[in-house]
Structure formats: structure tokens, C-alpha cells
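S.K.:
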Amino acid sequence: MAEPPLYPVAGAAGPQGDEDRLGLPDGVDAPLDELVGAYPNYNEEEEERRYYRRKRLGVLKNVLAASAGGTLTYGVYLGLLQMQLILHYDETYREVKYGNMGLPDIDSKMLIGINVTPIAALLYTPVLIRFFGTKWMMFLGVGIYALFVSTNYWERYYTLVPSAVALGMAIVPLWASMGNYITRMAQKYYEYSHYKERDEQGPQQRPPRGSHAPYLLVFQAIFYSFFHLSFACAQLPMIYFLNHYLYDLNHTLFNVRSCGTNSQGILSGFNKTVLRTLPRSRNLIVVESVLMAVALLAMLLVLGLCGAAYRPTEEIDLRSVGWGNIFQLPFKHVRDFRLRHLTPFFIYSGFEVLFACTGLTLGYGVCSVGLERLAYLLLAYSLGASASSFLGLMGLWLPRQVPLVSGAGLHLLLTISLFFWAPKPGVLQHIWILYVAAVLWGVGSALNKTGLSTLLGILYEDKERQDFIFTIYHWWQAVAIFVVYLGSSLPMKAKLVVLLLTLLAALISYLLMEQKLRQGVVPRQPRIPRPQHKVRGYRYLEEDNSDESDAEGERGGGGGGRGDGAEEEALLAGPRPGPEPAGLGRRPCPYEQAQEGDGPEEQ
Numbered sequence: 035m036a037e038p039p040l041y042p043v044a045g046a047a048g049p050q051g052d053e054d055r056l057g058l059p060d061g062v063d064a065p066l067d068e069l070v071g072a073y074p075n076y077n078e079e080e081e082e083r084r085y086y087r088r089k090r091l092g093v094l095k096n097v098l099a100a101s102a103g104g105t106l107t108y109g110v111y112l113g114l115l116q117m118q119l120i121l122h123y124d125e126t127y128r129e130v131k132y133g134n135m136g137l138p139d140i141d142s143k144m145l146i147g148i149n150v151t152p153i154a155a156l157l158y159t160p161v162l163i164r165f166f167g168t169k170w171m172m173f174l175g176v177g178i179y180a181l182f183v184s185t186n187y188w189e190r191y192y193t194l195v196p197s198a199v200a201l202g203m204a205i206v207p208l209w210a211s212m213g214n215y216i217t218r219m220a221q222k223y224y225e226y227s228h229y230k231e232r233d234e235q236g237p238q239q240r241p242p243r244g245s246h247a248p249y250l251l252v253f254q255a256i257f258y259s260f261f262h263l264s265f266a267c268a269q270l271p272m273i274y275f276l277n278h279y280l281y282d283l284n285h286t287l288f289n290v291r292s293c294g295t296n297s298q299g300i301l302s303g304f305n306k307t308v309l310r311t312l313p314r315s316r317n318l319i320v321v322e323s324v325l326m327a328v329a330l331l332a333m334l335l336v337l338g339l340c341g342a343a344y345r346p347t348e349e350i351d352l353r354s355v356g357w358g359n360i361f362q363l364p365f366k367h368v369r370d371f372r373l374r375h376l377t378p379f380f381i382y383s384g385f386e387v388l389f390a391c392t393g394l395t396l397g398y399g400v401c402s403v404g405l406e407r408l409a410y411l412l413l414a415y416s417l418g419a420s421a422s423s424f425l426g427l428m429g430l431w432l433p434r435q436v437p438l439v440s441g442a443g444l445h446l447l448l449t450i451s452l453f454f455w456a457p458k459p460g461v462l463q464h465i466w467i468l469y470v471a472a473v474l475w476g477v478g479s480a481l482n483k484t485g486l487s488t489l490l491g492i493l494y495e496d497k498e499r500q501d502f503i504f505t506i507y508h509w510w511q512a513v514a515i516f517v518v519y520l521g522s523s524l525p526m527k528a529k530l531v532v533l534l535l536t537l538l539a540a541l542i543s544y545l546l547m548e549q550k551l552r553q554g555v556v557p558r559q560p561r562i563p564r565p566q567h568k569v570r571g572y573r574y575l576e577e578d579n580s581d582e583s584d585a586e587g588e589r590g591g592g593g594g595g596r597g598d599g600a601e602e603e604a605l606l607a608g609p610r611p612g613p614e615p616a617g618l619g620r621r622p623c624p625y626e627q628a629q630e631g632d633g634p635e636e637q
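This note's numbering applies: residue 35 is where the sequence shown begins, and numbers increase by one.
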């Protein structure tokens, strides 16, 4: 008796002929579902839920990586610049280390490069963001910050000044792309959280306005809580390295006669020698190497952990509106009354950060309690701002005006108080007032930054506009920083008056904007041209008029005035019946020739 084969032969008849034990035919007659059908325990709804949960976790990872990368980048930059300026300020260090090389002149030109170059950023920032993409612009900006750190290994004119100019060019593109990135992550998190609603509405249907606002509030609070920690990270080289070489306040403040509101310029009368002993070159190289390693870590965080802000097709569409239009659109957005009303707040946002780092900590702090306590004052400001960034979550339950107006009101009270306070040099009894003022100023800064960024993300939800809006915001901040740099030699009272007037103008202008929005005034936004992947003819003969607003397009009807709404209606209406008639200057395509027979071969 022959033994049965170890493996059954495909198609061979079994004990029941051409059927198996379940009564289903085998071999070529087997049903297709048995071979390629779905897994019997497959749950499509559960798999879909797990897929979008992974997507949401990926968005959270992107937000944390971008926040950590921005914190490390700015912390390294501030820490290195602060240590560098203190070392170069000391006369003995300059003479012993560099002789007659002219370090003060190099430092002044370096500061000019950092503060003046961003004035031209409005001309190239949107083009760079659209060309490289949001993520790669962030990576490039962080890389330029790392380049600036690396040039401090060899401090010469031809290394420090060009790297400072490159850094000034990267400031606005980096932080504009960061703001755009966080806003896009909030919108994507909403899409992944409400994927069922999106499937029901259809892919072409936009989500309700303001639907992503709760996620935007949370993400901006996370980002700025990380960002304000950069001021604390910048003080670590001071605390653990440079403070061991500094003279105490009895030496550095010997010739200082007035502080606070009575002071003139920056640290008038401060001693020209602040170092007891000169740090060894080997120790300086170790500190700079640690800072360089942290800068490279920030680059790796942005490169490896930050995902793309847009889908590849969206990136192509954003570039395909035309480079000329991309260059012009930031200027055309000036016609929007919301941006015009927020401009004083943009300027004040730049003023208040520089005042915290120079006016409050130097004019009131270092001038009265010595250089050795500079790091601790900035540490108090940083921790207060970082912890208070989550106060921006008040917008989840209160009107959106509350965080922004609260921060401005707190700064208003502090500015008026500082206007009447002149601490005595070398007296430590009032040091607790300085720490309280630094913490409260940090609270106001946190409410200001989170409130402004969240407000811009809510007012401008269209992904085609967000990079332009954040470019305008950070450009005005750069202009304000340039103005502070020009007025650094003014008396403290003049600085406080300018700060106070700017704050009052920002508050009044913002409240007027909110009143107009409540009254239903429609903002006039420039229309974003439709992507043109294939261009026929000359650019200036296109029917699209990018200088036209959405409202004008709706009033004008056809022609070159169709806005985004008309395009959506055309998509919803479906394709027109029948092919388009071939014009006189265009040869019909083969499909049109087959439908109508008007090709040259059949005529």
C-alpha cells in the first residue's frame, strides 16, 4: 500500500473528490476570496484608529523636536555672544590675547551685521521658505547659527563679520518658518483627530474656521515654554565658567554714579577691567566645543525628528504660484487692516525682549548689583517666562483678547514703576525687587509671544498665507531690534518713554481691530494665484490677477477675477459637459479631435 504524500498536491482529488473538508472546491475551482481575501480577524475601524493615533503622536514629536531645536539654537547663540562680549570688553584680555587687532571694531561690525542685515529680510524670506520648504528652511537657519558658533574658534575679522552677516540674514527666515511650522502642526493634528468628519465632508471641503484653535493654543504654549528656556540655557557658560574669573561689584562699580531711570546709555562708568584672571585658551576651546556640540545636536533634532509641514503635492502647489507673486504677496498683505492694526504690537514685541536683556538686566541689574549677578537675573526672567507660557491656555476658556491684554497691562504697570525707580550702585538690599521685576517681565513676555502667535494662526488659517504672515511679524520684530540697537546710547528715561508709547499704541490699535471684527468688517486680503504647473504663453498675459482681492474677485465675476471661492465652486460643480472649444491659436488635443473631429486631418 502506497504511503500518502507528505504535502498534498495542488488540485489533486482528496478523499471527497474536488472538495475539502469544508465543502469548498480545491485547485483551479477554488474561490478567489479564499486566496486573496482579507484576514478573517481584520478590523478596519480599529486599524484606522491606530493609524491616526500614530499620526497624532508623530505631530507631537514634531512639535517637541522643533521646540527643543529652537531652544538649543537660540540658547547657544545667546550664551556665546554674551560670553564673547564680556571677554572682549576687558582691556587686559584684548591686549594680552589679541594685541592691536582691534577687537572693539570687530565687535561693533559684528553687531551691525546681526542687527542691520534682517532689515532686508522681507525681500527674500518668502522666496527662501517656498524654495527650500518649511522644514529645510528651519534646518538651514539652525545650520547658519552653528556656523556662527564655529567661527569663534578663530576670532578674526574675516571669520566673525561674514558669519554675523549670514546669521543676520537667517534670523527672520528661521523664526518665520518656526511659527509657520507650529501652526501647520496644529492644523494637521486637528485633521488626524477628526478624520471621520473629514471623510464625511469630502477631501475638498475645508474644516470649520477656528476648529484648530485649541490645538494651536496648546502647541504655541509648548513651543514658547521651550523657547524661553533658551535664556536660561544661555547662562550656563556664565554660571559654570566665566563667573569664576569676574571681579566683584566693589571693583566693577567703583566709578558708577547713577543707575536705573537716571542712567545714560549702557553701563556708563563701568570699569574697563572685569576679569580677575584671564581664562586659559584650552578652557575656552572646551566651552566653545560644548556649545558647538549642542548646536550640532539642534541640527540633528530638526533634521531627524521634524517631519514635513506640507505634503509633497502641497509643496509643489505653494511654489507654483510664481516667484514674482511670492515676492510681492508680503507687501500686498499690507492692505489687510488686521495686519496694520497689529503692527504696533509686532514692534513692541521686539522692544520688550531687548529691554529685558539690556535695559532691565544691565541698566537696573548689573549697574546696581554687579556683573556676577547678570546670569541669575536672566535666569529668573527665563524661568518666569517659560512657566507663564502656559497661561496662554486661558484662551481655551476666556476670550482671546485676555492673554494679550493681560501681558500688555502687566508690562504697562512695570514700565511706569521703573520710570520712577533709580537703585543705588553697589547696594544689595533691593536685589529682591530686581528678581521680582525680572520674573514679572517674563510673565508679560510669555503672554505677549503666545498671544500674538496664536492670534495670527487663528486669523490666517489658509496654509497659502501663513508663511507670509509670520514673515511680516518677525520682520517687524527685527526692525524694532534694529531701532533699539541705534538708540542704545539714549538716556533710560527716553527708552522707557518710547517703550510706554509703543505699548499704549499697540493696545489701542489691537482693541480697535477686535472692535472692527465684531462689527463684521471684512478684511481685504490679496488673492493667492492658482498654481500654474504648465504655463502657456507669456507670464504677463495670464488671466489671473494676483493684485486683486477676494472681495473684488467675487464682485467682478468672470474673467481674471475668480477667487478661491469660485475655484471651489467649479470643483464641486464637476467637469463641464463636453470638451472646451479649441481656440484659434491652439491646436486641439487628440481627445478633442476624436470628439469633435475639428483636427487638421479631418478638415
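The beta carbon of each residue, even a glycine, is placed where N, CA and C say it ideally should be.
Source: prediction; values computed, not measured.
Please name the residue, chosen from Ser101, Leu394, Leu276, that lies closest to methionine 526 on a Cα-to-Cα basis.
M.R.: When each option's Cα is compared against that of methionine 526, the closest is Leu394.
S.K.: Please say whether leucine 312 and threonine 126 have beta carbons closer to each other than 8 Å?
M.R.: Going by C-beta atoms, threonine 126 is nearer than 8 Å to leucine 312.
S.K.: Helix, strand or coil, according to DSSP, for proline 364 in the structure here?
M.R.: Note: proline 364 maps to helix in three-state DSSP.
S.K.: Classify isoleucine 350: buried if its beta carbon has 16 or more other beta carbons within 10 angstroms, exposed otherwise.
M.R.: With fewer than 16 other Cβ atoms within 10 Å, it is exposed.
S.K.: Going by other Cβ atoms of all chains shown within 10 Å of its Cβ, with 16 needed for buried, is alanine 327 buried or exposed?
M.R.: Alanine 327 is exposed by the Cβ-count criterion.
S.K.: For glutamine 298, which beta-bridge partners are listed by DSSP?
M.R.: BP columns for glutamine 298 point to Pro525.
S.K.: Can you list the alpha helix (DSSP H) stretches of 4 or more residues lying completely in the stretch 417 to 480, in chain order?
M.R.: For the stretch 417 to 480, whole alpha helix (DSSP H) runs of length 4 or above, ordered along the chain, are 435 to 453.
S.K.: Tell me the residue span of the alpha helix (DSSP H) that contains glutamine 553.
M.R.: No alpha helix (DSSP H) contains glutamine 553, which DSSP labels as neither H nor E.
S.K.: Tell me the DSSP secondary structure of proline 3 in three-state form.
M.R.: An answer regarding residue 3 cannot be provided, because it is not within the stretch 35 to 637 covered by the chain.
S.K.: Which of helix, strand or coil does DSSP assign to leucine 287?
M.R.: Looking at leucine 287 - three-state DSSP - the assignment turns out to be coil, as it is neither helix nor strand.
S.K.: Nearest to methionine 117 by CA position, among Ser245, Pro138, Leu276, Ser383, is which residue?
M.R.: Residue Leu276 is the option with its Cα nearest to methionine 117.
S.K.: Pull up the distance between the alpha-carbon of tyrosine 179 and that of glycine 338, whole angstroms please.
M.R.: Rounded to the nearest angstrom, the two C-alpha atoms are 18 Å apart.
S.K.: Please work out which residues of its chain come closer than 7 Å, Cβ to Cβ, to phenylalanine 304, disregarding the five sequence neighbours upstream and downstream, and give them in chain order.
M.R.: Contacts found: Thr286, Val290.
S.K.: Can you tell me whether aspartate 598 is helix, strand or coil according to DSSP?
M.R.: Confidence in aspartate 598 is poor, its pLDDT being 43 and thus under 50, which makes the residue's placement unreliable; the coordinate value appears in the next sentence. Aspartate 598 falls in the helix class under three-state DSSP.
S.K.: Among all the DSSP beta bridges, which residues are the ones paired with leucine 309?
M.R.: Answer is Leu280.
S.K.: In its own chain, which residues sit with a C-beta less than 7 Å from the C-beta of phenylalanine 380, not counting the 5 before and 5 after it?
M.R.: Hits under 7 Å: Tyr507, Trp510, Gln511.
S.K.: Mind the definition here: the stretch 515 to 534 touches the stretch 167 to 179 only if three or more C-beta pairs lie below 8 Å; say whether that holds.
M.R.: The stretch 515 to 534 vs the stretch 167 to 179: no contact.
S.K.: I believe glutamine 221 touches histidine 246 by the beta-carbon criterion, under 8 Å. Please report the beta-carbon distance rounded to the nearest angstrom.
M.R.: Between histidine 246 and glutamine 221 the Cβ distance is about 5 Å, and since that is below 8 Å, they are a contact.
S.K.: Tell me whether the beta-carbon of tyrosine 398 lies closer than 8 Å to the beta-carbon of leucine 474.
M.R.: Not closer than 8 Å, so no.
S.K.: State the Cα-Cα distance for the pair isoleucine 153 and valine 199, rounded to the nearest angstrom.
M.R.: Cα to Cα, the separation comes out at about 12 Å.
S.K.: If I measure Cβ to Cβ from tyrosine 191 and keep anything under 7 Å in the same chain, skipping five residues before and after, which residues do I get?
M.R.: Correct list, in chain order: Ile140.
S.K.: Relative to the alpha-carbon of proline 160, which residue among Thr347, Leu352, Ala332 has its alpha-carbon at the smallest distance?
M.R.: Ranking the options by Cα distance to proline 160, first place goes to Leu352.
S.K.: If we ignore side chains and look at the alpha-carbon of each, how far apart do glycine 45 and glutamate 78 end up?
M.R.: Residue confidence is low: glycine 45 scores 48 on pLDDT, short of 50, so the model does not pin down where it sits. No coordinate-derived value is stated.
S.K.: When burial is assigned at 16 or more other CB atoms within 10 Å of the CB, is aspartate 501 buried or exposed?
M.R.: Buried, since its Cβ has 16 or more Cβ neighbours within 10 Å.
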